[in-house]
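**Q** Each residue of the sequence shown is one higher than the one before, counting from 3 in the working numbering.
Just so it is clear, CB atoms sit at the ideal spot from N, CA and C, and this is done for glycine as well.
Structure in structure tokens, see below.
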Amino acid sequence: MSQIDELLAANQRFAATFRPITDRRPRRHLAVLTCMDARIDVLEDFGLQLGDAAILRNAGGRVTDDVLRSLAISSHVLEVETVVVLQHTKCGLTGVSQDELEEVTGASLSFLTIPDHAATLRADVALLAGTPFLSPITAILGAVFNVDSGVIEEVVCWKRDE
Ligand SMILES: [Zn+2]
């Protein structure tokens, strides 16, 4: 059975007992931005249930134009007020340079490498906090997930002044 056949067969079993969630708004008014790394289970890591949070993922969990687009909708349409930006240890964007990634991929893209977790988290949280159209967002946590211990370490916590 091919990978794709396996996926579709597994979905048939899943759908047999599926219970839909009718409200598309995240119950906890929360969005989590994190890396695409397969070792991160956002719901498990934060004790969340399906339906609690909007989850945005990309390489590195960095703030990109597309993340801003998604958070504009999350905050204004889906009532998201809290955002978590979660990087992680042993990320493929650490210990590698822009030039190296251009070479490996053959793509002239901005890869948003992570030379330093604290510095990039502070920059990304500041970017979100300073984006005028994200005004419904009142709190932002920047943190690092340790893929060896499962522990999440807070790096920066921003709250909007009332
Ligand atoms: Zn990563």
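Going by C-alpha distance, which of D54, L32 and R64 is nearest D118?
**A** Here residue 118 is taken as the residue at index 116 of the sequence shown, counted from 1. Selected option, being the one with the closest Cα: R64.
**Q** Rounding to the nearest angstrom, what Cα-Cα distance links R124 and T133 in this structure?
**A** The residue labelled residue 124 in the question sits at position 122 within the sequence shown. The residue labelled residue 133 in the question sits at position 131 within the sequence shown. Approximately 14 Å between the Cα atoms of the pair.
**Q** Tell me which same chain residues have a C-beta within less than 7 Å of the C-beta of K161, skipping the five on either side of it?
**A** Position 159 of the sequence shown, counted from the first residue, corresponds to residue 161. Hits under 7 Å: T140 and A141.
**Q** Could you have a look at N13 and say whether DSSP puts it in helix, strand or coil?
**A** The residue you call residue 13 lines up with position 11 of the sequence shown. DSSP places N13 in helix when its eight states are reduced to three.
**Q** With H, G and I counted as helix, E and B as strand and the rest as coil, what does DSSP make of E8?
**A** One-based indexing of the sequence shown puts residue 8 at position 6. DSSP places E8 in helix when its eight states are reduced to three.
**Q** Based on DSSP bridge pairs, tell me the residues matched to G144.
**A** Here residue 144 is taken as the residue at index 142 of the sequence shown, counted from 1. DSSP output for G144 lists V87 and V158 as bridge partner(s).
**Q** Could you tell me the boundaries of the beta strand (DSSP E) in which G71 lies?
**A** Numbered from its first residue, the sequence shown carries residue 71 at position 69. Sequence check: residue 71 is Arg here, not Gly. Not the beta strand (DSSP E): R71 falls in the alpha helix (DSSP H), residues D67 to H78.
**Q** Less than 8 Å between the C-beta atoms of I57 and V69, yes or no?
**A** Start at 1 with the first residue of the sequence shown, and residue 57 comes out as number 55. Start at 1 with the first residue of the sequence shown, and residue 69 comes out as number 67. Result no, Cβ atoms of I57 and V69 do not sit closer than 8 Å.
**Q** To which residues of the same chain is T122 closer than 6 Å at the C-beta, ignoring the five residues directly before and after it?
**A** Locating residue 122 in the sequence shown gives position 120, where the first residue counts as 1. Only I116 meet the Cβ criterion.
**Q** Measuring alpha carbon to alpha carbon, tell me which of F48, L80 and V87 ends up nearest R29.
**A** Taking the sequence shown and counting its residues from 1, the one referred to as residue 29 is at position 27. Out of F48, L80 and V87, L80 has the C-alpha closest to the C-alpha of R29.
**Q** In the DSSP assignment, find the unbroken alpha helix (DSSP H) run with R124 in it and report its ends.
**A** Locating residue 124 in the sequence shown gives position 122, where the first residue counts as 1. R124 -> alpha helix (DSSP H) spans H119 to A131.
**Q** Leaving out five residues before and five after E46 in sequence, what residues of the same chain have Cβ atoms less than 6 Å from its Cβ?
**A** Here residue 46 corresponds to residue number 44 of the sequence shown, with the count starting at 1. No residues qualify anywhere along the chain.
**Q** What three-state label does DSSP hand T19 in the structure shown?
**A** If you number the sequence shown from 1, residue 19 lands on position 17. Here T19 sits in coil by DSSP.
**Q** To the nearest angstrom, how far is it from the Cα of Q100 to the Cα of R15?
**A** Walking along the sequence shown from the start, residue 100 turns up at place 98. Walking along the sequence shown from the start, residue 15 turns up at place 13. Using only the alpha carbons, I get a separation of about 43 Å.
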